[in-house]
Every structure is written in structure tokens, then in C-alpha cells.
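Peer 1: One structure is given below, represented as C-alpha cells, and several questions about it will come after.
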């Protein structure tokens, strides 16, 4: 005699995701830059490839306690104790060179976020770059993705 399979409710389907979020939230306690920071504030960088420069995402540098500075391309994944990121190593013979870094959250001491337009060509004789003001609302909309 076969038994009918019961369908999961939406709440039951969400339980594993809730457990993962709880584990990440627990790992965040006491960390300035934990998984919740990366997934929430830099959520637009969570993807499987580098963003198109035309997307206008800010430039993000991750500063480590060792003194190294990682030029973030995109976030590959997050775990309770470390984050997997693709970082830009600069131009190589075949174009942009990337590497994957697994970074413990405890080693991150600072995050620098810059306007993507910084360092663009200047207009006029002053030699000062033309700066575009980005509102807080625009930054949040971009980060949300």
C-alpha cells in the first residue's frame, strides 16, 4: 500500500534557509565585517562572475590585518567563519587576471568603498576629476541589486 507524499508548506521549505541565516547571524556577532555585512551591504557583488563595468558598482577594497588590500571583483560565497571572494590582480596578457581568496572574517580590518567614477578623465583646465555625487538612497538601490 503506497502512502501519499505530503507537500511541504512554504514555511517548511524556508526552514533550511532560516537555519543558514541564523548560523550566519550568529557568526556575525562581535565582527565588524561578518557574513551579514557582506550579504546585506555588498549584496550586489554576490554573483557568479565579475560585474560589467557599465553596471556602475562602486570599487570595493578589503583591507586585511596583514596589510594586504584585496580589490573585490565579486563575492562567490559566505560561510560562518570565512568569505570566498574573487579579487582583481590587474591586467595580464589575456586581459583581467582574477584569483579566488578565502578570507577569515577576523582578518578584515577595514572596507573602502569608492565611487566608480573616481580616476576618470578630467574636463577643463583645472585637472580635477569631475565628481558625481551619489545619494545614500542610490547606494542602497545599487547594493540591493
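Numbering (this note's numbering), first residue to last: 392 to 536. No residue lacks a Cβ here, since even glycine has one placed at the ideal position from N, Cα and C. Bear in mind the structure is a predicted one, so any value in this text is a computation, not a measurement.
(1) Taking the continuous beta strand (DSSP E) assigned at residue 455, which residues delimit it?
(2) Using C-beta distances below 6 Å, list every residue in its chain close to residue 436, excluding the 5 sequence neighbours before and after it, in chain order.
(3) Just the Cα atoms here: how many angstroms apart are residue 482 and residue 420?
(4) Quick one: is residue 535 buried, meaning 16 or more other Cβ sit within 10 Å of its Cβ, or exposed?
(5) Between residue 484 and residue 440, what straight-line distance do the alpha-carbon atoms span, to the nearest angstrom?
(6) Using the three-state DSSP reduction, which class does residue 497 fall into: helix, strand or coil?
(7) Output needed for residue 460: all residues of its chain with C-beta closer than 6 Å, excluding positions within five of it in sequence on either side, in chain order.
(8) Less than 8 Å between the beta carbons of residue 449 and residue 414, yes or no?
(9) Starting from the Cα of residue 529, find the closest Cα among 447, 438, 424 and 476 and give me that residue.
Peer 2: So, from the data block:
(1) Translated into the one-based positions of the chain shown, residue 455 becomes position 64. Counting along the chain, the beta strand (DSSP E) containing residue 455 begins and ends at 450 to 455.
(2) Looking up residue 436 in the chain shown gives position 45. Excluding residues within five positions, the ones whose Cβ falls inside 6 Å are 465 and 466.
(3) The sequence position of residue 482 within the chain shown is 91, counting from 1. The sequence position of residue 420 within the chain shown is 29, counting from 1. Distance between the alpha carbons of residue 482 and residue 420: 37 Å.
(4) Translated into the one-based positions of the chain shown, residue 535 becomes position 144. Exposed, by the Cβ-count rule.
(5) For the purposes of this step, residue 484 is taken as the residue at position 93 of the chain shown. For the purposes of this step, residue 440 is taken as the residue at position 49 of the chain shown. Answer to the nearest angstrom: the Cα atoms are 20 Å apart.
(6) Residue 497 sits at position 106 when you count from the first residue of the chain shown. Residue state, collapsed to three classes: helix.
(7) Counted from its first residue, the chain shown places residue 460 at position 69. Closer than 6 Å at the Cβ level, and outside the excluded window around residue 460, lie 452 and 454.
(8) Here residue 449 refers to the residue found at position 58 when the chain shown is read from its first residue. Here residue 414 refers to the residue found at position 23 when the chain shown is read from its first residue. It is not a contact, given that the beta carbons lie outside the stated cut-off.
(9) Residue 529 sits at position 138 when you count from the first residue of the chain shown. Nearest of 447, 438, 424 and 476 to residue 529, Cα basis: 447.
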